[in-house]
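Q: Sharing a structure here in structure tokens format.
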Amino acid sequence: MTTNTVTTTSGIPFDAGNVAEWVGLHYGRNFDAEGAGKRQEWVDRFADAHLKVFEVMAAGFDASSDDTDDCVYWIAAASDDEVKTAIADTGAKFAGEVLGWSLSDAEFYLPGQATQISSTLLEKASEYRNRNRAVA
32 MTTNTVTTTS
42 GIPFDAGNVA
52 EWVGLHYGRN
62 FDAEGAGKRQ
72 EWVDRFADAH
82 LKVFEVMAAG
92 FDASSDDTDD
102 CVYWIAAASD
112 DEVKTAIADT
122 GAKFAGEVLG
132 WSLSDAEFYL
142 PGQATQISST
152 LLEKASEYRN
162 RNRAVA
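As structure tokens, this is what we get:
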């Protein structure tokens, strides 16, 4: 079975059937009958209604220094539990939801990029350990 995917203007993919069902239920419109511009608007509205942006700090983040700003990541996801599951065992800290967010501000999205998130956070943790390793 092939899944038809639609993508937000910020690049986040969604199942077209889920978007079409949501548009029909909430707006009484036929998603498939809309023009390309209106369909894109519906996809973006669907994302805004279903996703939040959360902040995560990789191991090594130091709030007192700008030197570790590259350890802060914004992740678009449906829930904080989804983010906490994705960062488990990476040494990263969950900071919470970012208010006044835009989906385009997120570096990653879930569930589609769980592996990339984990890899990035583990790499940052390794860099931190190597930077702070005692030199013999």
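Residue 156 in the numbering used here sits at position 125 of the sequence shown; the count goes up by one each step and never skips.
By construction, the Cβ of each residue, glycine as well, lies at the ideal position given by its N, Cα and C atoms.
Whose CA, out of Ile43, Val37, Thr36, Thr38, lies closest to the CA of glutamine 144?
A: Looking at the Cα atoms, Ile43 is the closest of the given residues.
Q: In whole angstroms, what is the alpha-carbon distance linking aspartate 97 and tyrosine 104?
A: Near 14 Å, if we compare the C-alpha coordinates of tyrosine 104 and aspartate 97.
Q: Taking the straight line between their C-alpha atoms, what separation do you get for alanine 126 and phenylalanine 85?
A: Spanning the two alpha carbons is a distance of roughly 7 Å.
Q: My output table needs one value for glutamate 158: the three-state DSSP class, helix, strand or coil.
A: In this structure, glutamate 158 counts as helix in the three-state DSSP scheme.
Q: Going by the beta-carbon positions, is the gap between threonine 121 and leucine 152 smaller than 8 Å?
A: It is a contact, given that the beta carbons lie within the stated cut-off.
Q: Taking 8 Å as the cut-off, decide whether the C-beta atoms of alanine 156 and alanine 89 are in contact.
A: Yes, the Cβ-Cβ distance between alanine 156 and alanine 89 is below 8 Å.
Q: For threonine 36, report the span of its beta strand (DSSP E) as first-last.
A: Here the beta strand (DSSP E) through threonine 36 covers 36-38.
Q: Going by Cα to Cα distance, which pick from Tyr58, Thr38, Val114 is closest to isoleucine 148?
A: The shortest C-alpha separation from isoleucine 148 is found at Val114.
Q: Throw me the rounded Cβ distance for the phenylalanine 62 and glycine 68 pair, which I believe falls under 8 Å.
A: With a Cβ gap of about 13 Å, phenylalanine 62 and glycine 68 do not count as contacting.
Q: Ignoring anything shorter than 3 residues or poking outside the region 46-94, list the beta strand (DSSP E) runs there in chain order.
A: Listed in chain order, the complete beta strand (DSSP E) runs (minimum 3 residues) inside the region 46-94 are 83-88.
Q: Helix, strand or coil: which one does DSSP assign to alanine 145?
A: Three-state DSSP puts alanine 145 in a helix.
Q: How many Å lie between arginine 160 and alanine 123 at the Cα?
A: For arginine 160 and alanine 123, the distance between alpha carbons rounds to 13 Å.
Q: Specify the secondary structure class of valine 129 as computed by DSSP and reduced to three states.
A: Valine 129 falls in the coil class under three-state DSSP.
Q: Assuming phenylalanine 139 contacts isoleucine 106 (C-beta within less than 8 Å), just tell me the rounded distance between them.
A: About 5 Å; that satisfies the 8 Å criterion.
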